[in-house]
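Structure record follows, encoded as structure tokens.
Residue numbers (our numbering): 55 to 828.
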């Protein structure tokens, strides 16, 4: 066998490599992705690669579109994954029907490879002790963390696809985690691009540094953008909406700009970002300048056109594609979140003159349709500060009427329910939901728990559920027989069939004894109307599932509401009963829960033959009458399994009977437990938060900055004993809940001992993990 090594002192050019191949007469090439990119762009380069018996690539990930091109053109491509510290570990799967880029463990390494889940379908590869080729250890158990993240194949458990380096993941301002690799690979594979690097750590949006290749020497910026646009669009199609990069978010550097790279021609990201830190700062500073609202000269009759274009762009919907967005479609029902809403605001301020008036931080939340947003811009442009045309109360009444009319009639049933029970649970991956699930799985009379989860597949839904249990340290305490009760289903709560196939829907509908609806959009910035498709419609669809069941005894429907629906109640104590609009809190979240309660009330008061039992459980998420989450979950399950039959829905309050006083009890207890902090008046605390670290991974309260501004921003500082008002401590009646939920009789109070446990966990586990980046 003849081995030929290219002189490392020679420049890496297509001519040099092609010449070496011809002169050496070799039949195989082992190289890195950068070299293949150069060869693929050179005239005759792919044809020369096709003549080789094998083209092996390693050192870093080969971009998907470059690999696709080579495979399509007949290049006999192979790839091996490994590291200096561990040797070769994985190789290209011989079965490439799913794509050439899936890897399978090598036989000698397979017993020593462990994939630790770090996020939804994102796994960190760990090399365990015992592998002969492993030369380095960086974990206390003797294993080696590769710092490489992989995606798991949806159906083949032994197939893995490289995703990113652990430290490549970009944590954005709102905590979303963006993988830059799909975008960088797509744009970087363009023949007019030498290097593309995404940036945006701690920011509300991403940008990209691009260094053109020598082929772009004669192109203007406009011409360059046209050449790159298709690959940028391809990259954006491979990432979530919040991680997309627009053409105007590219920082284009001069051709030939030198950047730090490894000997394998891999970009050293941290050093590159440090090198161009001033460019990045200027980029974001210019975006902020746009917030003066003095940019753009769009005439009134084109405002809606510009708004429409921006909304399409931010949501990643092609303007001339099959999918369309109506002017009255709610942004948040279309998938817009807080991050994308901020993108809309920034782009509007860049392009539309608002006569010196800025747009509110939550402008997309307050005016969540193209029609409403366009009219709002025209109003402020012309000094019109009118009230919102329709009050929240009118919207709420309209939603109640709309959805009560869509309730299905009760279907008489013939199926006799078996034992043990099947339970349908939504929101199983949330804080309370995972404890409700754990409690249900521990019940002998519960044989199956259907978990409806927002996910792309049932497999992804299962991973989310198990990860939620693991994060709460509940997975290891459940026996295999209990875990077997879980049936996780990929769902769409906005669809009449809940996103399930007809067969699965009928199976669930005709077998469950109890429906516990715990899922809800939690966003204190959204207006009531934006909760309709996201959450309110789900109540209708789940109630109809219960009403249409072919069981003789219809499934009980349990809705997890919120104390926020009675935040403004004037009676003391607040009764476990239906309350009118005057009692509801001021947020869209509270108002949406009230609409759902009204729908449940109507369903219970307009029964048919063998009507389903309906319960409303108001959880205490507003005041300081706190209970441990496991106690809350236990109470929910006890109430759901209780035998309560009334002509109106049963309403229960889950809460402690004693308020925990913030200044007199909680703060001293935290200090006793060893937590060090400074006590501040609300206004000063808010000012400090606004100026603090905006990385919400390190500083989680920053995520709720706008909410805190709304709640405390107008409070005058009166010293550390100031309070938001007596309603925050309004006592509530829990006598009915106590009667049917023994968990509430345990007299568990959040006292010094329990607070010491909290603090110990924070200091020794939670915050240590956060510092390690786990």
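Note that the Cβ used here is the ideal one computed from N, Cα and C, for glycine as well.
Asked	Found
DSSP state of residue 56, grouped into three classes?	coil
Report back the beta-carbon spacing between residue 903 and residue 203 to the nearest angstrom; my notes put them in contact at under 8 Å.	Here the chain comprises residues numbered 55 to 828, so residue 903 is not present and cannot be evaluated.
Pop quiz: residue 470 and residue 606 are said to be a contact at Cβ under 8 Å. What is the actual Cβ separation, rounded to whole angstroms?	6 Å
Which residues in the same chain have their Cβ closer than 8 Å to the Cβ of residue 384, if we skip the five residues on either side of it in sequence?	422, 423, 583, 584, 586 and 587
Please list, in chain order, all residues of the same chain as residue 66 whose beta carbon is under 8 Å from its beta carbon, the five residues on each side excluded.	88, 89, 92 and 319
Pick out whichever of 210, 137, 244 and 165 has its Cα sitting closest to the Cα of residue 199.	137
Does residue 460 pass the burial test, meaning 16 or more other C-beta atoms within 10 Å, or should it be called exposed?	exposed
How is the beta strand (DSSP E) around residue 81 delimited, first residue to last?	Premise fails: residue 81 is in no beta strand (DSSP E) and is neither H nor E.
Taking the C-alpha atoms as reference points, what is the distance between residue 247 and residue 281?	10 Å
Please report the straight-line C-alpha distance between residue 268 and residue 127, rounded to a whole angstrom.	24 Å
Indicate the three-state DSSP secondary structure (helix, strand or coil) for residue 289 in the structure shown.	helix
What is the DSSP secondary structure of residue 107, reduced to helix, strand or coil?	coil
Can you look up residue 219 in the DSSP assignment and give me helix, strand or coil?	strand
With C-beta atoms as the reference, is residue 220 less than 8 Å away from residue 117?	no
Just reading off the alpha helix (DSSP H) that residue 490 is part of, what are its end residues?	485-495
Contact between the stretch 101-115 and the stretch 159-173: three or more CB pairs below 8 Å?	no
So, with DSSP's three-state summary, where would you put residue 177?	strand
So, under 8 Å CB-CB, residue 53 and residue 133 are touching, yes? Tell me the CB distance rounded to an integer number of Å.	Because the chain in this structure spans residues 55 to 828, residue 53 falls outside the shown range and cannot be described.
What residue from 178, 457, 581 and 405 has the CA that sits closest to residue 205's CA?	178
Identify which residue in 740, 736, 86 and 708 has its Cα closest to the Cα of residue 797.	708
Taking its Cβ as the centre, do 16 or more other Cβ atoms sit within 10 Å of residue 782, making it buried, or is it exposed?	Caution applies to residue 782, whose pLDDT of 48 falls short of 50 and renders its modelled position unreliable; the model cannot decide the point.
In its own chain, which residues sit with a C-beta less than 6 Å from the C-beta of residue 428, not counting the 5 before and 5 after it?	357, 358 and 361
Residue 283 to residue 516, Cα distance in whole Å?	37 Å
If I follow the unbroken beta strand (DSSP E) through residue 624, where does it start and stop?	First-last for residue 624: undefined, no H or E at that position.
Name the DSSP beta bridge partners of residue 135, please?	144
Please state if the CB of residue 641 and the CB of residue 618 are separated by a distance shorter than 8 Å.	yes
Give the DSSP-derived three-state secondary structure of residue 539 in the structure shown.	coil
Identify the continuous alpha helix (DSSP H) that holds residue 447 and give its terminal residues.	446-458
To which residues does DSSP link residue 505 through a beta bridge?	479 and 542
So that I know if they touch, is there some Cβ in chain C lying closer than 8 Å to that of residue 155?	As a matter of chain content, chain C is missing from the structure shown, which is built from one protein chain.
Using the beta-carbon count (16 or more within 10 Å), is residue 355 buried or exposed?	exposed
On the CB-based measure, 16 or more other CB atoms within 10 Å of its CB, does residue 242 come out buried or exposed?	buried
On the premise that residue 370 lies in contact with residue 303, defined as a C-beta separation below 8 Å, what is that separation, rounded to the nearest angstrom?	Their Cβ separation, rounded to whole angstroms, is 14 Å, which puts residue 303 and residue 370 out of contact at 8 Å.
Could you spell out the range, first to last residue, of the beta strand (DSSP E) harbouring residue 567?	566-571
Cutting at 6 Å between CB atoms, please list the residues of its own chain near residue 259, excluding the five before and the five after it.	397
On the CB-based measure, 16 or more other CB atoms within 10 Å of its CB, does residue 368 come out buried or exposed?	buried
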